[in-house]
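Chemist: The structure under discussion is supplied below as structure tokens; questions concerning it will follow.
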Amino acid sequence: DAKTTQPPSMDCAEGRAANLPCNHSTISGNEYVYWYRQIHSQGPQYIIHGLKNNETNEMASLIITEDRKSSTLILPHATLRDTAVYYCIVRVAMDSNYQLIWGAGTKLIIKP
Amino acid sequence: DVKVTQSSRYLVKRTGEKVFLECVQDMDHENMFWYRQDPGLGLRLIYFSYDVKMKEKGDIPEGYSVSREKKERFSLILESASTNQTSMYLCASSLTSGRAEQFFGPGTRLTVL
Chain A
323 DAKTTQPPSM DCAEGRAANL PCNHSTISGN EYVYWYRQIH SQGPQYIIHG
373 LKNNETNEMA SLIITEDRKS STLILPHATL RDTAVYYCIV RVAMDSNYQL
423 IWGAGTKLII KP
Chain G
5 DVKVTQSSRY LVKRTGEKVF LECVQDMDHE NMFWYRQDPG LGLRLIYFSY
55 DVKMKEKGDI PEGYSVSREK KERFSLILES ASTNQTSMYL CASSLTSGRA
105 EQFFGPGTRL TVL
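Residue numbers (this note's numbering), protein chains in the order written: chain A, 323 to 434; chain G, 5 to 117.
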């Protein structure tokens, strides 16, 4: 079962910051939060991940609340090419390996 | 540049046929994965492999099998295709078990008639 809940869809104006929320209230202390996105007709693409601290890379920023029950992915200056389905995912430990538990995602539409 | 390729983008098969979906990665990754993706359900893990000739069941292995004879190749097999296996199939690979950043192929859209 998915460990995350996301709004099914969101709009954002081109050039503005896109803030995508995610709830993961049952996350355990050693489980990471990952974000991927999937542009139409392509495979998913890794964006960013974090455990407790906020993270930033060339694509996005990830803000994780102190209680770790929710997080927000921020695309600072959204472009039309950022239109995609964004998945918030929890990475769980499975024996000696790890598994990504995917939710249904948020369809983000960037409008000109 | 990282590359995961899948043998077909689109495939149409008949009920009862044996179906092979092939995936190849050129990154020398240890882990490989097969997912299926259905509308509103996100990605569901079918099988994964963390080494040659090793395989582990994911969340929905029923009706599927896999083969990993070489490190770079991971095959998904539908022994007897059924209409409820009509779906998008995605292959992915990752470097090690501790680094779960997965690289995905473009997907194979399988239709079973």
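Cβ atoms here follow ideal geometry from the backbone N, Cα and C, with glycine treated the same way.
(1) Rounded to whole angstroms, what is the Cα-Cα separation between A/Glu377 and A/His371?
(2) With distances taken between CB atoms, is the gap from A/Tyr354 to A/Tyr368 smaller than 7 angstroms?
(3) Determine whether the Cβ of A/Asn419 lies closer than 7 angstroms to any Cβ atom of chain G.
(4) Any C-beta of chain G within less than 7 angstroms: which residues of the segment 398-425 of chain A qualify?
(5) Thinking A/Ala340 and A/Leu397 are a contact (beta carbons under 8 angstroms), I'd like their distance in whole angstroms, please.
(6) Expressed to the nearest angstrom, what Euclidean distance is found between the alpha-carbon atoms of A/Arg267 and G/Val56?
(7) Using a threshold of 7 angstroms, state whether the C-beta atoms of G/Arg1 and G/Leu117 are closer than that.
(8) Suppose you measure from the CA of A/Ala400 to the CA of A/Leu384; what does that come to, to the nearest Å?
(9) Mind checking the segment 332-365 of chain A against chain G and listing, in chain order, the residues whose C-beta falls within less than 9 angstroms of any C-beta there?
Modeler: Considering the structure as presented:
(1) Going from the Cα of A/Glu377 to the Cα of A/His371 covers about 7 angstroms.
(2) The answer is no: Cβ separation not under 7 angstroms.
(3) Chain G contact via Cβ: present.
(4) For the segment 398-425 of chain A, which is checked against every Cβ of chain G, the residues closer than 7 angstroms are Tyr409, Arg413, Ser418, Asn419, Tyr420, Gln421, Leu422, Trp424 and Gly425.
(5) Right, the Cβ-Cβ distance comes to about 4 angstroms (below 8 angstroms), so this counts as a contact.
(6) As shown, chain A starts at 323 and ends at 434. That puts residue 267 of chain A outside it, with no answer to give.
(7) Because residue 1 of chain G is not part of the residues shown, which for chain G are 5 to 117, the question remains open.
(8) Taking the straight line joining both Cα atoms gives about 15 angstroms.
(9) When C-beta distances to chain G are compared with 9 angstroms, the residues of the segment 332-365 of chain A below that value are Tyr354, Tyr356, Tyr358, Gln360, Ser363, Gln364 and Gly365, in chain order.
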